Amino acid sequence: MKSKHFYIFIGAVVILFLAITAFTSENPGDSKTNKDIIKFSHQLHAEVTDCASCHTGVAEAASLDVRLLPEKEVCATCHDVEDDDNCSMCHYEDVNEPLLQSKSSLFFNHAFHINQQKMECTTCHNGLSEVEYSFEASGANPVMNKCYTCHNDISTASNACELCHKNTADLIPDDHKKVSFNKNHKFAATNDDENCAMCHNEDFCGTCHVSTTALDALNKVDDFYTPYSPHKFKSDAKQQQISRVHDLNFAYTHGIEAKGKTSECQTCHQVETFCAECHNSSGGDFASEGFVPYSHTQPNFTTIGVGTGGGQHAILAKRDIESCASCHDTQGADANCIMCHTDNDGIKGTNPRTHDANFLKDSEGDWHSDDGSVCYTCHTTASASSGIAGVGFCGYCHN
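Residue -7 is where the sequence shown starts when you use our numbering, and the numbers rise one by one after that.
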């Protein structure tokens, strides 16, 4: 009995195999691609003609649904299509079918880009002149990065997804679909050729990468939750998300990044609470007092008096003014700076020297014509705007 069932099963498999084989052989065209239909070299033709001579309808095409590939009549302008002996130059034996044009999922108006924007074919389809076989031509179609050259909401055109994509339901790149992408996306985001901004803004990153006081000595393991974990949707949600934005040793190197980049730090961190955890050992009002770097506590950090050179703070400021700017407003609004670096009397040599000798001596600066010149942030304007020689700021040079 078992043998009978076995032979019945084998017979059914054989019949199924023969049926599939017969159907495939009767419909050979179903699996054909342009590689099987025609022999064509873009590289060869690019040497003797231009794109528009073959793709005659492209310049007037308002969508990708119209025929963009050349018809037989176009080829006939150069080739003798009536000579049967020449068929094999382009066609495979017994294959005389038109080129297949893939259905596109995009909106694109060639007529607008060519006629109104005056764009060349090679602006988008770069490298076609090097393509040997026609079926490889799709590799010269523009990648999305190239579209972003203009469609970036900054220079020329909108980058809204629905402007080009017919279906926006699933626009996830293939590498984003990998199981490990959430863990490894930082490597893609830090590459020199990263293009996250094409689809994402900073608010998107903030979905996971948010913090209030972030990591500090008081945080325990139970104070954190992983993004999208069930904890996030409970009433007793933990206060911190685990987010690896910085390297593991960032606590020791963050001072380098913080110099001149305070505004970037404040995207996620609140200075009064976050920085104060470590940098406010005195327990004072951090919002008004801030924290004092070690260099500021040295005896020679500031020396007062004309001719003293200003001490170590002057040396550090000349070496890296951005370091000062990370805490102080170097445009003059910071009381710490303007206590000394100001020009109350308009008399040269009576205030702490901010600039080197002969600074801008031979320059026709904007202070001559612009009352809003940055120079007037510190220098008196009482007489400068009227341009009286020998008086006030003008008197520095004009006697």
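The beta-carbon is built from N, C-alpha and C at its ideal position, and this holds for glycine as well.
Values in this document were obtained by computation on a predicted structure and should not be read as measured data.
Cα atoms of Glu154 and Pro134: separation of roughly 18 Å, rounded to the nearest angstrom.
The distance from the Cβ of Ala44 to that of His102 is about 11 Å, inconsistent with a contact at the 8 Å cut-off.
For Ile30, the three-state secondary structure derived from DSSP is strand. As computed with DSSP, His143 is found in a beta bridge with Ala149. CA-to-CA, the gap between Phe196 and Ala180 works out to about 16 Å. In the three-state reduction of the DSSP assignment, His157 falls in the strand class, which pools E and B.
For Cys257 and Thr182, the gap between their C-alpha atoms comes out near 17 Å. Between Lys158 and Ser97, the C-beta gap is smaller than 8 Å, which places the two residues in contact. In this structure, the beta-carbon distance from Val66 to Cys46 falls below 8 Å.
When the five nearest sequence neighbours on each side are left out, no beta carbon in the same chain lies closer than 6 Å to the beta carbon of Ser355. Here Ala132 really is in contact with His117; their C-beta atoms are around 5 Å apart, less than 8 Å.
The beta carbon of Ile7 lies closer than 7 Å to none in the same chain, with the five residues before and after it left out.
For the alpha helix (DSSP H) assignment, the uninterrupted runs of no fewer than 4 residues enclosed by the segment 30 to 62 are, from N- to C-terminal side, 34 to 38, 43 to 46. The secondary-structure analysis by DSSP pairs His83 across a beta bridge with Ile30. For Phe293, there is no enclosing alpha helix (DSSP H), since its DSSP letter is neither H nor E. The count of Cβ pairs closer than 8 Å, one atom from the segment 74 to 89 and one from the segment 103 to 112, stays below three, leaving the stretches out of contact. Look at Leu98 here: in three-state DSSP terms it is strand. No Cβ-Cβ contact shorter than 8 Å links Ala53 with Leu61.
Here the C-alpha atom of His288 lies approximately 10 Å from the C-alpha atom of Leu308. In summary, Asn26 is buried, with 16 or more beta-carbon neighbours lying within 10 Å of its beta-carbon over all protein chains present. For Asp77, the secondary structure class from DSSP, reduced to helix, strand or coil, is helix. Taking a C-beta distance under 8 Å as the contact criterion, Val123 and Asp28 do not qualify as a contact pair. Going by beta carbons, Cys82 and Lys31 fall inside the 8 Å limit.
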